[in-house]
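Heads up: the protein sequence lines correspond to chains A and B, in order.
If you want my numbering, it's the 1-based position in the first sequence plus 770.
If you want my numbering, it's the 1-based position in the second sequence plus 770.
Single-structure report; data block below.
Number of protein chains: 2
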Amino acid sequence: MRIKCVLFDIDDTLYDASLQMNMARLNAVKAMIEAGLPVDIETAYGTLRKIVDEYGPYYNKHFDKLLERLGLKWNPRIIAAGVIAYRETSAAYLKPYPDTVPVLLKLRESGYLLGAISEGKSVKQWQKLIQLGIQHLFHKVVISEEINEEKVTPKLFEKILSELNVSPEETLFVGNQPNMDILCANQLNIISVRIRKGAFMTEEPTDPRMVPKFEISKLSDLLEILKKLQS
Amino acid sequence: MRIKCVLFDIDDTLYDASLQMNMARLNAVKAMIEAGLPVDIETAYGTLRKIVDEYGPYYNKHFDKLLERLGLKWNPRIIAAGVIAYRETSAAYLKPYPDTVPVLLKLRESGYLLGAISEGKSVKQWQKLIQLGIQHLFHKVVISEEINEEKVTPKLFEKILSELNVSPEETLFVGNQPNMDILCANQLNIISVRIRKGAFMTEEPTDPRMVPKFEISKLSDLLEILKKLQS
C-alpha cells in the first residue's frame, strides 16, 4: 500500500465550524437585543463581525466592545445574555458532519494511520475533538500552538509526519483552505485533498501552488480517491 | 409596612455555589485522570484546591498549573478533558434552591422591592442570574465590579439602597458570610439575616459586629421573620 497515513484539518473539514460560528454570533446578538440592546439584528451582527475581524477570535471582550462601538453604556446584563446564547449555540452546533465518524472508522479499520492538524490553541482544539466525540480516532494530534505558531505551517506537517513516522509521499492531507493548509501540504509533496466546505468553499486558488491534487465535496468521497491511489 | 426592600446575596444564598464548585472540581480531576493524569483523585483535587486559593478564581490556567505542580509535562488533551467536565458539571449544578423562586415570587407579590448584591465580575454574576432563571425577579442588581471593588463593601449597599430609593432601616439583607456581607449590613443598620448554607455554614462570628440580627437555615424561613417584623 502506497498511502499509509491520512491527515485531517479540524475546523470546516471534520465539522461545520463556519455554520457554528455564524449561528452562535447571530443567536448572541438576538439574545442581546431581547435583553435590551436597542439596535436591529443586521447592525448588531455586522458590527460584531467587524470587531471579531479586528480583535481576532481569542479576544474575550467582543460583546463589551460591541456596546462601546454602538455608542452604548456598558451593560453586564446584556453582555451576559449574549455570552450565554453564544455558548449554548456553539455547543449545539459542535457536531461532526454525518460522514465524519464512519469515514474515520473505515480508514482506521483499513489500517491507515490518522492524524489531526490544525491552527489554534491546543486546549481549545482538543476540547472540540473531545466534544465531537472523535478524539480516540486519531493516532496523533498536533496543533500550531505546540510549535509556537498561530497558523498551519510546513513545520507543523513535518512534526506530525515525524511523530507518525511516515514520509510525505505516503501521506494524504484533507483540508479546506487553499491558501494555507493546501499550500503547505503541496510544498512538502504531501498528496493534498481540498474539501469544499465552510467559509472558504467558493474561494479559488490565486497561485498554482495552492491547487490541490484532488477536490471533494464531502469526506466520504475520500474513500474513492484512496481506492484509486492504491490500485 | 416597615420593611420595604429585601436584598439578597447570590452565591450560596440563592443557589448552592459551594456544592457546584466542589463537584465541578471533583469531576474535572476525575476526567483528567481518565484522560491520563497519573495521580489519584485526592492528590489531584487537593493540589487543585491549593492552586485556586493561590491564584484566585478568575485565573484561567488552573489546570495548566495543576500539571506543572504535579511535575508533569503540559498536556492539552488532559487539560481539555478537565475544562469540559468542569463546565458541564457547573452548568448541571447551576439550579436555584427549591424554595428560591417561590420565596422571591411571594415577596414580589407582597409588594417588596427586591435587590441582588454580590462580589465578583458583573457579566459572570448576571450569567448566573439568567441561567438560574431568576433575573426578572429583581428590581435592581449591583455587583462589586461596577464600583471597582472586588468584595462586598458598605459602598455597594449604599449604591443599591439609593437606586431602590429606600433607607437602611426599611431594608432587610440575606447573606451567608458573617465576616463580609453580614458585617457590612450591620455597619449600615440594615436588618441582617444570615442563611446557614454553603462553605461558611459552620463559621462562627469572631466579632460582635458580625452577629446577624436573624439566622435562618433556608430561604423560606424569611417569610416568618418578615411577618413578625411587620406586625
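Where a beta carbon is used, it is the ideal one built from N, C-alpha and C, also for glycine.
{"Item": "C-beta neighbour in chain B for proline 827/A, strict 7 Å", "Value": "no"}
{"Item": "Residue from Leu875/B, Asp781/B, Arg857/B, Ser990/B whose Cα sits closest to the Cα of leucine 907/B", "Value": "Leu875/B"}
{"Item": "Chain-order list of residues whose beta-carbon lies under 6 Å from that of aspartate 951/A (same chain, five-residue window excluded)", "Value": "Asp779, Val922, Gly945"}
{"Item": "Tyrosine 882/A vs valine 776/A beta-carbon contact at 7 Å", "Value": "yes"}
{"Item": "Sequence-distant residues of its chain with Cβ nearer than 6 Å to isoleucine 848/B (five each side left out)", "Value": "Met802, Ala805, Gly806, Leu807"}
{"Item": "7 Å CB neighbourhood of leucine 796/A in its chain, flanking five on each side removed", "Value": "Tyr815"}
{"Item": "Contact with chain B by isoleucine 904/A, beta-carbon distance below 7 Å", "Value": "no"}
{"Item": "Reference isoleucine 917/A, options His909/A, Lys910/A, Lys929/A, closest by Cα", "Value": "Lys929/A"}
{"Item": "Chain A contacts from the segment 918-948 of chain B (Cβ-Cβ distance under 9 Å)", "Value": "none"}
{"Item": "Anticipated Cβ contact below 8 Å, alanine 794/A with tyrosine 856/A, distance rounded", "Value": "5 Å"}
{"Item": "Chain A contact for isoleucine 854/B (CB, 7 Å cutoff)", "Value": "yes"}
{"Item": "According to DSSP, residues forming a beta bridge with cysteine 775/A", "Value": "Leu883/A, Thr941/A"}
{"Item": "DSSP-derived helix/strand/coil call for lysine 835/B", "Value": "helix"}
{"Item": "Cutoff 6 Å; reference alanine 798/B; Cβ partners in own chain excluding five residues on either side", "Value": "Gly852, Ala855, Tyr856"}
{"Item": "Host alpha helix (DSSP H) of arginine 979/A (start-end)", "Value": "First-last for arginine 979/A: undefined, no H or E at that position."}
{"Item": "Interface residues of the segment 886-914 of chain B facing chain A [CB-CB below 9 Å]", "Value": "Lys891, Ser892, Val893, Lys894, Gln895, Trp896, Gln897, Lys898, Leu899, Ile900, Gln901, Gln905, Val911, Ile913"}
{"Item": "Span of the alpha helix (DSSP H) around serine 962/B", "Value": "Taken as a continuous stretch (DSSP letters only), serine 962/B belongs to no alpha helix (DSSP H), being part of the beta strand (DSSP E) at 961-965."}
{"Item": "Distance between proline 975/A and arginine 904/B (C-alpha atoms, nearest Å)", "Value": "According to the sequence shown, residue 904/B is isoleucine rather than arginine. Going from the Cα of isoleucine 904/B to the Cα of proline 975/A covers about 52 Å."}
{"Item": "Residues within the segment 842-866 of chain A neighbouring chain B, beta-carbon criterion of under 8 Å", "Value": "Pro846, Arg847, Ile849, Ala850, Ala851, Val853, Ile854"}
{"Item": "Chain-order list of residues whose beta-carbon lies under 6 Å from that of valine 936/A (same chain, five-residue window excluded)", "Value": "Lys774, Cys775"}
{"Item": "Beta bridge counterpart(s) of proline 866/A as assigned by DSSP", "Value": "Tyr785/A"}
{"Item": "Cα-Cα separation between leucine 926/A and tyrosine 825/B, rounded to whole angstroms", "Value": "33 Å"}
{"Item": "Isoleucine 913/B: first and last residue of the uninterrupted beta strand (DSSP E) it sits in", "Value": "910-913"}
{"Item": "Reference arginine 839/A; option with closest CA among Lys820/A, Arg964/A, Tyr828/A", "Value": "Lys820/A"}
{"Item": "Residues of its chain near proline 938/A, where Cβ-Cβ distance is below 6 Å and the 5 sequence neighbours each way are ignored", "Value": "Leu958, Asn959, Ile960"}
{"Item": "Tryptophan 896/A: first and last residue of the uninterrupted alpha helix (DSSP H) it sits in", "Value": "892-902"}
{"Item": "Local Cβ density within 10 Å of glutamine 1000/B, reported as buried at 16 or more and exposed below that", "Value": "exposed"}
{"Item": "Endpoints, alpha helix (DSSP H) assigned at leucine 989/A", "Value": "No alpha helix (DSSP H) holds leucine 989/A; DSSP gives it neither H nor E."}
{"Item": "Three-state secondary structure (DSSP) of serine 1001/A", "Value": "coil"}
{"Item": "Candidates Ser987/B, Gln790/B, Leu992/B, of which the one nearest alanine 861/B by Cα", "Value": "Gln790/B"}
{"Item": "Alpha carbon of histidine 832/A to alpha carbon of threonine 817/A, nearest angstrom", "Value": "10 Å"}
{"Item": "8 Å contact criterion, which glycine 885/B and leucine 942/B should meet: CB distance rounded", "Value": "Rounded, the Cβ-Cβ distance is 10 Å, inconsistent with contact."}
{"Item": "Cβ-Cβ separation, tyrosine 785/A to lysine 865/A (assumed contact under 8 Å), whole Å", "Value": "6 Å"}
{"Item": "Proline 924/B to isoleucine 811/A span [Cα, whole Å]", "Value": "40 Å"}
{"Item": "Exposure label - tryptophan 896/A; buried when at least 16 CB within 10 Å", "Value": "buried"}
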